[in-house]
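Q: Before anything else, here's the structure in question.
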Amino acid sequence: MAGLATTAKRAAIVTASYRPDLERCRLLADTIDRHVSGHAHHYILVASHDVAAFRVLEGRHRTIVDERDLLPSWLHSFPDPLGRMRKRIWLSLRTMPLRGWHVQQLRRIAIARHVTEDALVYCDSDVAFLRPFDCASFWRGDELRLFRREDGLEHEGLDEQRLWSKNAGATLGLPGGKRSRHDYIATLIAWRRDATLAMCRHIEQVNGKDWVAAIASNRHFSECMLYGRYVDELTGGQGHFHDAHELCRVYWSGPALSDETFRDFVAGMQPDQVAIGVQSFIGTDIARIRRLLAA
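The sequence shown begins at 83 in the numbering used here and counts up one residue at a time.
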């Protein structure tokens, strides 16, 4: 009907990664190219010392982004003497000492200022797509799907997630220092770029300093908790609709997967799940995963 058409929305896939996950990220890229549609570009965000290694994945629709182009110049990466110089630590006078997983979260937020796509689809480098997926499915008209597990933080054994939620509230200036009941953390989720930029502006206004400094003044933070609580509690959910279904089946912990247990894990995917994630620290060899997916 005339006058009711919705302007087409553009999406970018965003992956924060690091050198030990290069082969996993290569598998992700291969499966995105094979199964995923509806996205304009794939951005892979890495530390400066990892850029050269990841260049092999670059292409017409895939760009490697150096964190120096995303994060403030006052945040510096150094070899970590406590990690036998094989790990890195990020130091500044404005934040707590940060590990790689902290900085990966900051990169995911920061990319919003450097791209033009309407939706940012976050996908970890240990994910592989097994079924066709259209990124346009995150949209319902002009509203973007916000993953929210209703009352997800009310269960036992989630003390760390509850702390992340409480700290998100403090960073956002929400009254009372309370946490949310809801959990916003999942693999394969999407954020609105405009809402991400607005969140950063809000954090700076509330805290009177750069959003990176405000978030990382405490090491116990989650970018998903920040975004979810910002959207729900400060915008009233504007521009979003809620959905609790997890699009990616994730193997979070346990022993390394054998051929048989890997096949069982894949067979356990729900009909509308499109990807799997096998946490890299589990120790399942990426060559085995690639071989089994090709079988």
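Glycine is no exception: its CB is placed at the ideal position from the N, C-alpha and C atoms.
1. Could you give the DSSP three-state label for W183: helix, strand or coil?
2. Does the beta-carbon distance from Y159 to A135 come in below 8 Å?
3. Could you check the C-alpha separation between G336 and I364 for me, to the nearest Å?
4. Distance, Cα to Cα, L188 vs L110?
5. Alpha helix (DSSP H) containing S247: first to last residue?
6. Taking 7 Å as the limit between beta carbons, can you name the residues of its chain near A192, skipping five residues before and five after?
7. Within its chain, find whatever has a CB closer than 8 Å to the CB of A84; leave out the 5 residues flanking it on each side and keep chain order.
8. What is the rounded straight-line gap between the Cα of M351 and the Cα of S362?
9. Which whole-angstrom value describes the C-beta separation of R275 and V348, a residue pair presumed to lie in contact below a C-beta threshold of 8 Å?
10. Cα separation between T89 and L164?
11. Tell me whether the beta-carbon of I271 lies closer than 8 Å to the beta-carbon of Q243.
12. Please determine, among N249, F344, L226 and E328, the residue with the shortest C-alpha to C-alpha distance to R372.
13. By the three-class DSSP mapping on this structure, what secondary structure does H117 have?
14. Can you give me the start and stop residues for the alpha helix (DSSP H) that T343 sits inside?
15. Are L375 and A210 close, meaning C-beta to C-beta below 8 Å?
16. Is the CB-CB distance between R301 and L157 below 8 Å?
17. Given that a residue counts as buried once 16 or more other Cβ atoms are within 10 Å of its Cβ, and exposed if not, what is V138?
18. Taking C-alpha atoms, which residue in G321, R106, G319 and G120 lies nearest to F215?
19. Note down, in chain order, each residue of its chain lying with its Cβ closer than 6 Å to the Cβ of C107, except the 5 sequence neighbours on either side.
20. Decide if E394 is buried, meaning its Cβ has at least 16 other Cβ atoms within 10 Å, or exposed.
21. Hey, H284 and L254: beta-carbon distance below 8 Å or not?
22. At what residues does the beta strand (DSSP E) containing R290 begin and finish?
23. Per DSSP, which one or two residues make a beta bridge with W334?
24. Measure the C-alpha to C-alpha separation of A250 and E105 and round it to an integer number of angstroms.
25. Identify, in the order they occur along the chain, each residue of the same chain with its Cβ nearer than 7 Å to the Cβ of G319, setting aside the five sequence neighbours on each side.
26. Mind checking Q186: buried by the 16 CB within 10 Å criterion, or exposed?
27. Nearest-angstrom Cα distance between L202 and A93?
A: Taking the coordinates as given:
1. helix
2. Here the sequence assigns Ser to residue 159, which means Tyr is not the residue at that position. No; because the gap between Cβ atoms is not below 8 Å, this pair is not in contact.
3. 7 Å
4. 21 Å
5. D241 to T253
6. L152 and L153
7. Residue confidence is low: A84 scores 41 on pLDDT, short of 50, so the model does not pin down where it sits. Its coordinate-derived value is still stated next. Result list for A84: empty, nothing under 8 Å.
8. 19 Å
9. Not really, about 33 Å apart at Cβ, beyond 8 Å.
10. 52 Å
11. no
12. F344
13. helix
14. D341 to A349
15. yes
16. no
17. exposed
18. G120
19. S99 and S207
20. Residue 394 lies beyond the residue range present for the chain, which begins at 83 and ends at 377; the question has no answer from this structure.
21. yes
22. Strictly speaking, residue 290 in this sequence is Gly, with Arg absent from that position. Neither: G290 is in no beta strand (DSSP E) and is coded neither H nor E.
23. DSSP lists no partner for W334.
24. 33 Å
25. V313
26. buried
27. 6 Å
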